[in-house]
Amino acid sequence: MPVGAKAMIVREALQGLFDALVTEGYRTLGPTLREGAIVYDDVRHVSELPAGWTDSQEAGRYQLRRREDAAWFGFNVGPHSWKRFLHPPLELLWSARRSGDSFEITVPAAEAKLALIGVRACELHAIAIQDRVFCAGRYRDDSYQARRTDTFIVAVNCGQAGGTCFCVSMGSGPKAAAGFDLSLTELLGADRATFLVEVGSEAGARMLERIASRPPTEAELAGAQAALERTAARMGRKLDTTHLRELLREQAGHPRWDEAGERCLSCGNCTMVCPTCFCTSVEDHSSLDGAAAGRVRLWDSCFTLDFSYVHGGSVRHSTGARYRHWLAHKLSYWIDQFGTSGCVGCGRCITWCPVGIDITEEAAALRTPGRAKRKEVTHEEP
Amino acid sequence: MDRRLRLAVWKFASCDGCQLSLLDCEDELLAVAEALEIASFPEASSAVAPGPYDLSLVEGSITTAHDAERIREVRRQSRHVVTLGACATAGGIQALRNFASIDELVAAVYPSPGYIETLATSTPIGAHVPVDFELRGCPINKVQLLEVISAFLAGRRPAVAAHSVCIECKRRGTACVMVQGVPCLGPVTHAGCAALCPAYGRGCYGCYGPMESANVTALARRWQALGATPQRFEQALRSFNAAAAGLQRK
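Taken in sequence, the protein lines are chains F and V.
Mapping of the first sequence onto the working numbering: residues 1 to 382, in sequence order.
Mapping of the second sequence onto the working numbering: residues 1001 to 1250, in sequence order.
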């Protein structure tokens, strides 16, 4: 089947895809229930998918709920993102062992290739952004690139929008447009459930040939389209991006930053759950006898004092300054740096902020001229 | 001649739990003993060799005039002083006395208060002598203790982060318990435990004391929104690190 072709499979046939991927040596990852949430983890069987579950999300609130139907993908993005596998929270870069007067360095062996199943449109965009961060520039991240080269991606089109979703504002959803091998739209009929499958790559086409499919009917195509339109119309949040890049540059002295700084815990949760935040720190460890050492890379956050520590102290000492840096980088400087916004409208930073700070609300507030401290001083000057 | 650096372990007002973390390094203890001469560690051995020492690990807080004098002597004899745990770095649970009248407390506990000679406050080691490194926790994490010792031996800075528990919690992949309705001290608490309690569905108890920029006021508002009374929040803060500067409300 050519790229762009569409086919129907009965829902249970998805197991065949899991099996085929495992046979091909993939580690299959997908959504599953754990700790009262829908997380991403190893999933080998469709029975491990969160069938019949959904989530209710608001700023600082996440709750699992039962669905009235038995949809397999009837939920929105949860606390995890695929970053956890493509750009792991802790990675041993190398280890070294003393040998005689010299030492030997060992680089960890490559891990199994990954198949990501259930990737949403916003997440495809997030992966594309991290690809650009890690692989497109002058400095390439070898371990990230190795993991990405062999990734097989099964996208899922969102049949509903979450309370903190705003992918429509960011132009990143709800339809999976590119960056997948296969995409699925779950169609729940009165008598049986099916997936409309779209081929996104030759690898995807080869995989689809291994399971039974048939051409879709006009009604099925229309049904899938209608579901996406419904989702797009029901976004929980919106973010006006008009001139946002310039606006944020101009509003560095807006009092809203300090107000956010009073509410912000500087705990770093937003950066950890964000699917595009990529910052890390590097730690060196050594053994007690000095014969072995290792270098580890860990997820870091611009909300820590250490992050901007230079000789003499931290450059962004106040929490307001750290919040400003994060938000302005995400929505403005990111464009200067990587040619795209750093935000995909997934809403994780809103849902998983323990005090419910809302990036869409903060960005909107910056459009209202506050009594800017910096400007006030300028105006008062004789 | 023994060329190993000399280690001493000291106890002040404390429960001994942090010193036990060193003995608890069963698999690594021989390596520690090979790298360092354990010159003085009364909890482990009655054979105590005199100073000076290269590295002193200090557990406990200062609660008596005698201990206030003794810690100065420890400092004089030690090239490098590392404090272990909440008592030594924040005054410990016994610093609850700092918020009450010591005379009333002594009268309530002892039948003959006249025999008790104690200070009105429990204070951390750093309030009395310069400290080279403070390791947090109640008790400390043995992995971090080994990191501090290894770093000292290699002459490097220990990789011990001062950020929130949340960062460790998210690295671990735990779904935030607070966003699911469980009041948690993680956002204001210093990392070090690898976010143990949230991994078991419980809110953080704050064993490692305040993180580098703890916003206690904002967290208090959120706890209240989750149905925890201001008294309950106050009680949650009044534990092992009650007297830590970062936890005091404006």
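For every residue, glycine included, the Cβ atom is placed at its ideal position computed from N, Cα and C.
query: Length of the line joining the Cα atoms of Ser169 of chain F and Gly345 of chain F; result: 7 Å
query: Test item: CB-CB of Gly1173 of chain V and Val39 of chain F under 8 Å; result: yes
query: CA-to-CA distance, Glu262 of chain F to Cys165 of chain F, given in whole angstroms; result: 25 Å
query: Nearest-angstrom Cα separation, counted from Cys264 of chain F out to Tyr323 of chain F; result: 8 Å
query: DSSP three-state assignment for Cys1015 of chain V, whether helix, strand or coil; result: coil
query: As assigned by DSSP and simplified to three states, the class of Asp1103 of chain V; result: helix
query: C-alpha distance - Ala233 of chain F paired with Glu123 of chain F, whole-angstrom precision; result: 19 Å
query: Chain F contact for Thr1089 of chain V (CB, 8 Å cutoff); result: no
query: For Thr1083 of chain V and Leu1135 of chain V, believed in contact at Cβ under 8 Å, the rounded distance; result: 7 Å
query: Helix, strand or coil at Thr194 of chain F [DSSP, three-state]; result: strand
query: Ile1149 of chain V at chain F interface by Cβ criterion, 8 Å; result: yes
query: Three-way DSSP call (helix, strand, coil) for Gly294 of chain F in this model; result: strand
query: Exposure label - Gly189 of chain F; buried when at least 16 CB within 10 Å; result: exposed
query: Three CB pairs or more closer than 8 Å across the region 1062-1077 of chain V and the region 1122-1131 of chain V; result: yes
query: Closer than 8 Å to chain V by CB, Val355 of chain F; result: yes
query: DSSP three-state assignment for Arg1157 of chain V, whether helix, strand or coil; result: coil
query: Spatially closest choice to Ala112 of chain F from F:Phe85, F:Asp300 and F:Gly4, by CA coordinates; result: F:Phe85
query: According to DSSP, residues forming a beta bridge with Met8 of chain F; result: F:Leu196 and F:Arg214
query: Given Cys1207 of chain V as reference, the closest of V:Leu1237, V:Ala1120, V:Leu1020 and V:Asp1054 once Cα atoms are compared; result: V:Leu1237
query: Per-residue contacts from Gly345 of chain F into chain V (C-beta, under 7 Å); result: Neighbours of Gly345 of chain F on chain V: none; closest Cβ ~19 Å, over 7 Å.
query: Inter-residue spacing [alpha-carbon to alpha-carbon] between Pro174 of chain F and Cys302 of chain F; result: 29 Å
query: For Pro2 of chain F and Gly16 of chain F, the rounded distance between their alpha carbons; result: 20 Å
query: DSSP state of Ala372 of chain F mapped onto helix, strand, coil; result: Because Ala372 of chain F sits at a pLDDT of 49, beneath the cut-off of 50, its placement in the model cannot be relied upon, and the point is left open.
query: Residue closest to Glu1168 of chain V, alpha-carbon to alpha-carbon, out of F:Pro255, F:Arg249, F:Pro31 and F:Cys267; result: F:Cys267
query: Residues in the region 6-19 of chain F having any Cβ partner in chain V nearer than 8 Å; result: none
query: For Gly30 of chain F, the residue or residues it bridges with in DSSP; result: F:Asp41
query: Exposed unless 16 or more other CB atoms sit within 10 angstroms - verdict on Pro1158 of chain V; result: buried
query: Backbone secondary structure at Val282 of chain F - three-state DSSP; result: strand
query: Spatially closest choice to Glu1147 of chain V from F:Asp284, F:Arg65, F:Ile357 and F:Ser318, by CA coordinates; result: F:Asp284
query: Which of helix, strand or coil DSSP assigns to Arg66 of chain F; result: strand
query: C-alpha gap between Glu362 of chain F and Glu246 of chain F, whole angstroms; result: 16 Å
query: Interface flag, His1163 of chain V vs chain F, CB-CB below 8 Å; result: yes
query: Inter-residue spacing [alpha-carbon to alpha-carbon] between Phe75 of chain F and Asn157 of chain F; result: 11 Å
query: Rounded C-alpha distance that separates Asp41 of chain F from Met1178 of chain V; result: 22 Å
query: Beta-ladder partner(s) of Gln57 of chain F, from DSSP; result: F:Tyr62
query: Closer than 8 Å to chain V by CB, Asn457 of chain F; result: Past the boundaries of the shown model lies residue 457 of chain F; chain F is included only from 1 to 382, so the question cannot be answered.
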